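Please read the structure below before turning to the comments.
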Amino acid sequence: MPVATPEQYAEMLDRAKAGGFAYPAVNVSSSQTINAVLQGLTEAGSDGIVQVTTGGADYFAGHTVKARATGAIAFAKFATEVARNYPVTVALHTDHCPKPALETFVLPLIAASEEEVRAGRNPIFQSHMWDGSAVPLAENLEIAKDIIRRTAGIHAILEVEIGVVGGEEDGVSGEGGEQLYTSLADATHAVEALGLGEHGRYMAALTFGNVHGVYKPGNVKLRPELLGQIQAGLAERFGHGPKPLDLVFHGGSGSSDDEIQEAVGNGVVKMNLDTDTQYAFTRSVAGTMFSHYEGVLKIDGEVGDKKIYDPRAWGKIAETDMAARVVAATKQLGSFGHSQS
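For what it's worth, the working numbering labels the leading residue of the sequence shown as 1, then goes sequentially.
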């Protein structure tokens, strides 16, 4: 299926919220990892979101060049073309854009989509994240207000972060402590600034102890019940149903099934997946290399085995193993078997 239109993407998110499930939003950095996500979603019968960070976009452009807007557009064009061959619907998203990267990442991409929309076509990306977690909340929301006017104009969705996700991802670092837990007051300020759809649609990454990166279950104190408390407080004040916000779950590695299910039940419609899929891909490559050591190296003057060191050989295995992790995520999130295609 083609990449989702803005209308299809909105319908995807509405279906997830009404149905009590969420979509995996998988970070990619190559054509191989894009194909792995599409393979996994197809095997799961699930729609989903394919996304790229600043670092991923740098890598798409060529790691010695770091022309991230060019890399992001290249990612989007490749994904848009190959997605036509898969029987699921996907949306394209840019993940984690901090303030120093706005001028080289999200804003040029929005400008490129504005040209597409003026020409009668769909936006290049269906949603963009502005990560204002490193600046004061008032500044975060002022910038978000400027961006949402432009994303609304191209029929795209904005993602904002209210609170701080701990750990580090692509150069965006978050401190620990109480900042890891969004307050109702902060969420209220966000709604007062951005509305509840009247100024443009957005998703909110509220934090409830989330940490990017690798950690074992139990090492991070998640409080998914906090999301429900915030939703109830916002509903009491602003209405818009029992769960006014479309929520995003960042930093989910090591989370238990119960924690994920409770977060989804409280309005999470999108859960980011990066560390676990990176590991699944690379662990597969390592397994192939160790298992076929003499085939991938020309040892003692031998010639090796081209059938093994051909990147397509180990690449197909790695894509399939990464796809399996995507399938597992759809089962955790409840989107398995719920494709609208």
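C-beta: ideal position from N, C-alpha, C; glycine also. A quick note: this is a predicted structure, and the numbers were derived from the prediction, not measured.
Problem - When L196, H155, S255 are compared against K243, the one with the closest alpha-carbon - result: Considering only alpha carbons, the answer is L196.
Problem - Whether L180 touches V164 by CB criterion (7 Å) - result: Inclusion of L180 and V164 in the CB contact set at 7 Å is warranted, their separation being smaller than that value.
Handout entry: Endpoints, the alpha helix (DSSP H) within which V191 is located
Key = The continuous alpha helix (DSSP H) containing V191 extends over residues 184-194.
Handout entry: Cβ distance (whole Å) where M12 is taken to contact D58 below 8 Å
Key = Not quite, the Cβ-Cβ distance comes to about 28 Å (not below 8 Å), so this is no contact.
Exercise for the section: Have a look at E139, R121, Y9, Q32 and flag the residue whose alpha-carbon is nearest the alpha-carbon of L92. Expected result: When E139, R121, Y9, Q32 are compared, the shortest CA-CA separation from L92 is found for Y9.
Handout entry: Residues bridged to W130 [DSSP beta-bridge criterion]
Key = DSSP output for W130 lists V160 as bridge partner(s).
Exercise for the section: For the alpha helix (DSSP H) containing N272, list its first residue and its last residue. Expected result: N272 -> not in any alpha helix (DSSP H); beta strand (DSSP E) instead, spanning 268-273.
Exercise for the section: Say whether the stretch 273-281 touches the stretch 114-124, bearing in mind that this needs 3 or more beta-carbon pairs closer than 8 Å, one atom from each stretch. Expected result: Too few Cβ pairs lie closer than 8 Å, so no.
Handout entry: Rounded separation between G265 and F21 - CA only
Key = Between G265 and F21, the alpha-carbon positions lie close to 7 Å from each other.
Handout entry: Three-state secondary structure assigned by DSSP to Y86
Key = In the structure shown, Y86 falls within a coil segment according to DSSP collapsed to helix, strand and coil.
Handout entry: Spatially closest choice to T89 from P24, V160, I230, E319, by CA coordinates
Key = Here the closest residue by C-alpha is P24.
Handout entry: Residues bridged to G93 (per DSSP)
Key = Contrary to the premise, residue 93 reads as His rather than Gly in this sequence. According to DSSP, which records beta bridges pairwise, H93 is partnered with Q51, S127.
Handout entry: Exposure of N85, with buried meaning 16 or more beta-carbon neighbours within 10 Å
Key = Under the 10 Å beta carbon count, N85 is surrounded by fewer than 16 other beta carbons and is classified as exposed.
Exercise for the section: Look at A144 and L109 and say whether their C-beta atoms are less than 7 Å apart. Expected result: Here A144 is not near L109, since their CB atoms are 7 Å or more apart.
Problem - For N140, the first and last residue of its enclosing beta strand (DSSP E) - result: Premise fails: N140 lies in the alpha helix (DSSP H), 137-153, not in any beta strand (DSSP E).
Problem - Minimum C-alpha distance to S127 - residue among A112, F290, G62, E159 - result: Looking at the Cα atoms, E159 is the closest of the given residues.
Practice task
Give the straight-line distance between the Cα atoms of Y309 and I299, rounded to the nearest whole angstrom.
Solution key: Spanning the two alpha carbons is a distance of roughly 13 Å.
Handout entry: Where the alpha helix (DSSP H) through N35 begins and ends
Key = It spans 31-44 - the alpha helix (DSSP H) in which N35 sits, taken as one unbroken run.
Practice task
Quick one: using the 10 Å Cβ neighbour count with 16 as the cut-off for buried, is R325 buried or exposed?
Solution key: Per the 10 Å Cβ criterion, buried.
Handout entry: Supposed close pair F208, T188 - CB separation, criterion 8 Å
Key = In fact, because the Cβ distance is near 16 Å, the residues do not count as touching under 8 Å.
Exercise for the section: With DSSP collapsed to three states, give me the class of V211. Expected result: When DSSP states are grouped into helix, strand and coil, V211 belongs to the strand group.
Exercise for the section: To the nearest angstrom, report how far apart Q32 and N272 are at their CA atoms. Expected result: Going by the C-alpha atoms only, they are around 19 Å apart.
Handout entry: Same chain only: Cβ atoms within 6 Å of G252, ignoring 5 sequence neighbours per side
Key = Contacts found: M271.
Problem - Minimum C-alpha distance to H250 - residue among V269, T330, T151, F125 - result: Closest by alpha carbon: V269.
Practice task
Report yes if the C-beta distance between S284 and I230 is below 7 Å; otherwise report no.
Solution key: In this structure, I230 does not lie closer than 7 Å to S284 by Cβ.
Exercise for the section: Assign L247 to one of three DSSP states: helix, strand, or coil. Expected result: L247: strand per DSSP, three-state reduction.
Practice task
Have a look at the DSSP bridge pairing and note the partners of N27.
Solution key: Residue pairing by DSSP places N27 opposite Q51 in a beta bridge.
Problem - Whole-Å CB distance - G56 paired with N35, under 8 Å assumed - result: The beta carbons of G56 and N35 sit about 15 Å from each other, so the pair does not count as a contact at 8 Å.
Practice task
Give the secondary structure of G19 by DSSP, where H, G and I count as helix, E and B as strand, and everything else as coil.
Solution key: In the three-state scheme derived from DSSP, where H, G and I count as helix and E and B as strand, G19 is classed as helix.
Handout entry: Pair within 7 Å by beta-carbon distance, G337 and G45
Key = Contact check for G337 against G45 passes: the beta carbons are separated by less than 7 Å.
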